[in-house]
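Below: the structure, in structure tokens.
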Amino acid sequence: MTPPPQRDTVVSVILPIYNEAKTAREVIETLLSQRILGISLQIIIVESNSTDGTREVVRGFEGSPGVQIVFEEVARGKGHAARRALEEATGDIILFQDADLEYRIEDYPKVLEPILKGQTNFVLGSRHTKRGGMRTFSSKSYMAPIYNAAHVVFTQLLNITLGCRMTDPFTMFKVFRRSCLDGLNFECNRFDFDWELVIKLTRAGHKPLEVPVQYVSRDFNEGKKIRTLADPPTWIRAWWKYAILRRP
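Residue numbering for the sequence shown follows our numbering, beginning at 391 and increasing consecutively.
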């Protein structure tokens, strides 16, 4: 007797979008074209009231199979959009995707494989290479060494306090079983959400396995949204609150 077919593993792809009119359509169409054996995608788009026409691009995908869209009326940050998307996620696995083209969607099989094979519950797609800093900027070239050095310092800060050996805890590619979120609550609204997520998952016993991924950094004049002076203090605050004080 032929056994009944098993249900595909569902991966909830969380896609926050804000002012990405140049790349949003390509990213969403690439996601919709993905065919990974044994995998179904639940694509959750959170559009945060963009001012550059992105909302109109996103509206064009309303009703597409496997796509859920949440329209926010106020832009509160990537972390807030990600938290909103988590409320809608029903998949077996969570995967974060940015709306720019810095990362390759073609790397999905690579970051999903260790979880599907039962090797780990939490994967980080590491941009770190032995060739040097991962970031290069043409418009503000002097900023690249600063960002690359800061990455090393902040990574070691987390490694020391969490007992890990991560190379890239701040990668977009954070992939984990949805069950890892059981009992966890999140509150950060901007890029400090990356810190909160990694710290809380690790504290819950889910130390990440890193796999190398492709990465091409975009420039500030292409829409890079990190605020050089305003964001780092929020990261340190998140580290102090969740890693040192161990607040829930």
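Idealized CB from N, CA, C, for every residue including glycine.
Asked                                                                                                         : Found
The region 405-412 in contact with the region 443-460 per 3-pair CB rule at 8 Å                               : yes
Option nearest H470 by Cα separation, candidates R580, V543 and V400                                          : R580
Buried versus exposed, by CB contacts within 10 Å (16 or more), P559                                          : buried
Paired residues, beta bridge with K564 - DSSP                                                                 : L514
Cβ contact (3+ pairs, closer than 8 Å) linking the region 470-486 and the region 425-438                      : yes
T510 beta carbon less than 8 Å from that of L591                                                              : no
Closest by C-alpha distance to D490, when choosing among E503, P535, G450 and K468                            : K468
N- and C-terminal bounds of the beta strand (DSSP E) containing I505                                          : Looking at the DSSP string, I505 is not in any beta strand (DSSP E); the run it does join, the alpha helix (DSSP H), is Y498 to L506.
Exposure of D488, with buried meaning 16 or more beta-carbon neighbours within 10 Å                           : buried
Closest Cα partner of Y498 within the set D398, E577, V601 and P623                                           : V601
Range of the contiguous beta strand (DSSP E) that encloses E477                                               : Looking at the DSSP string, E477 is not in any beta strand (DSSP E); the run it does join, the alpha helix (DSSP H), is K468 to E478.
Through-space distance from I536 to L547, alpha-carbon basis                                                  : 16 Å
N- and C-terminal bounds of the alpha helix (DSSP H) containing I589                                          : D582 to R593
Environment of A620 [buried if 16+ CB atoms lie within 10 Å]                                                  : exposed
Nearest-angstrom Cα separation, counted from I404 out to L476                                                 : 7 Å
First through last residue of the alpha helix (DSSP H) which encompasses I634                                 : Careful: I634 lies outside any alpha helix (DSSP H) and carries neither H nor E.
Run of the beta strand (DSSP E) containing S402, from where it starts to where it stops                       : T399 to I407
Other residues of its chain near S438: CB distance less than 6 Å, five sequence neighbours each side excluded : Y408, E462, A465 and A471
For F461, three-class secondary structure by DSSP                                                             : strand
Supposed contact pair Q424 and I495 - C-beta distance, whole angstroms, cut 8 Å                               : 7 Å
C-alpha gap between A540 and F583, whole angstroms                                                            : 17 Å
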